[in-house]
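Position one of the sequence shown corresponds to residue 4 (our numbering), numbered consecutively onward.
Data block below; observations after.
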Amino acid sequence: MKIDSHVHIFPDYRTKGLIRWMRKAFPQHPIPLGYTWRQVVEDLRNEGIERFFSFHFPLTPSETGFLNRFALKVASQTPGMVPFFSFHADNSHLSDLLSWWLGRESIFWGVKLHPFVQGFDPWDERLFSAYEWLEEHGYPLFLHTGFDDLYGKSMPPEKIAGILKRFPRLRLVVVHMFYPRFQEAFALLEEGEEVYLDVTNVFSYIDMDWPTGVRKALDLDWFWDEIEGWSHRLMFGSDHPAGAGTLREVYAVLERWGLSSHAKINLRGATALRLLKSVGYPLDPSDLS
Ligand SMILES: [Zn+2]
4 MKIDSHVHIF PDYRTKGLIR WMRKAFPQHP IPLGYTWRQV VEDLRNEGIE
54 RFFSFHFPLT PSETGFLNRF ALKVASQTPG MVPFFSFHAD NSHLSDLLSW
104 WLGRESIFWG VKLHPFVQGF DPWDERLFSA YEWLEEHGYP LFLHTGFDDL
154 YGKSMPPEKI AGILKRFPRL RLVVVHMFYP RFQEAFALLE EGEEVYLDVT
204 NVFSYIDMDW PTGVRKALDL DWFWDEIEGW SHRLMFGSDH PAGAGTLREV
254 YAVLERWGLS SHAKINLRGA TALRLLKSVG YPLDPSDLS
């Protein structure tokens, strides 16, 4: 079973915005501006992906309802799509919002936030009622972290560790592993048993040496050992259509890193499956093969 644990399913106007942003940062990016979520799903199918985590995030509070409904509509016609909820810090009554959308029916399997793009800090106290709700109900929070240089913003790992101190049972997925502050990411795994790392983009950007000097600064043997040792808490996704290349290129990067088959099985689905199982996701026999 192969799972892609990081894909973006957006309506066309937002897919276009995402790709435009990627092409501004990386003019050679191979995904054309007119790409749609249907092509994203087709690419996944062509690579043999049977299940994928789908993320979106509203840029304004008024976009929240529309995007979540859009995700549900696409999920209803797309087998294997596992939709994640999102909201904005400016939305009011967050815990009510979560209990309405997540608690009533099992249709979303956690929350994704991208604070850099959404324009708030993850340690903003207005979010605490949502964190409390997630902690209590066991749904994971996928939080974008890292790539501060790319966004021109700052999200210090110690601030994220502070959130975990306050909500110690929160199932927190540190998306992109505080790139490139990997030491802090692995350290966080020791602090909470329910902490996971999403390694999406990490190998690709190290390979690209982005930003320049990252490779030289990184003890690759140490890094490789940590990945192997923690693989049961690591998930790999493509970030398609905003990954570091075409979907095939992104998947090929993982192969190049020469990880053990045990680690690869965890990164490419087993960890994600365990997480899904823990929130009551209805797995079917093919998931376990
Ligand atoms: Zn992403």
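We put the CB at the ideal spot given by N, CA and C, even for glycine.
| Asked | Found |
| --- | --- |
| On the DSSP bridge list, what partners appear for F145? | K115, V176 |
| In its own chain, which residues sit with a C-beta less than 6 Å from the C-beta of E53, not counting the 5 before and 5 after it? | G83 |
| For the beta strand (DSSP E) that Y199 lies in, which residues bound it at each end? | 198-201 |
| Buried or exposed: where does N269 fall if 16 or more other Cβ atoms within 10 Å of its Cβ makes it buried? | buried |
| Under 8 Å between the Cβ atoms of F239 and R271? | yes |
| Please classify R184: does DSSP put it in a helix, a strand, or coil? | coil |
| Return yes when the C-beta of F60 is under 7 Å from any heavy atom of ligand 1, and no when it is not. | no |
| Return the bridge partner residues of S57 from the DSSP annotation. | V10, P86 |
| Would you say the beta carbon of D242 comes nearer than 7 Å to a heavy atom of ligand 1? | yes |
| On the three-state DSSP scale, how would you describe H140? | helix |
| From the DSSP output, in three-state form, read off H91 for me. | coil |
| Taking the alpha-carbon of G149 as reference, which of G141, Y142, M158 has the nearest alpha-carbon? | M158 |
| Is the distance from the Cβ of S241 to the Cβ of T203 below 8 Å? | yes |
| Which class does L237 belong to by DSSP, given the choice of helix, strand or coil? | strand |
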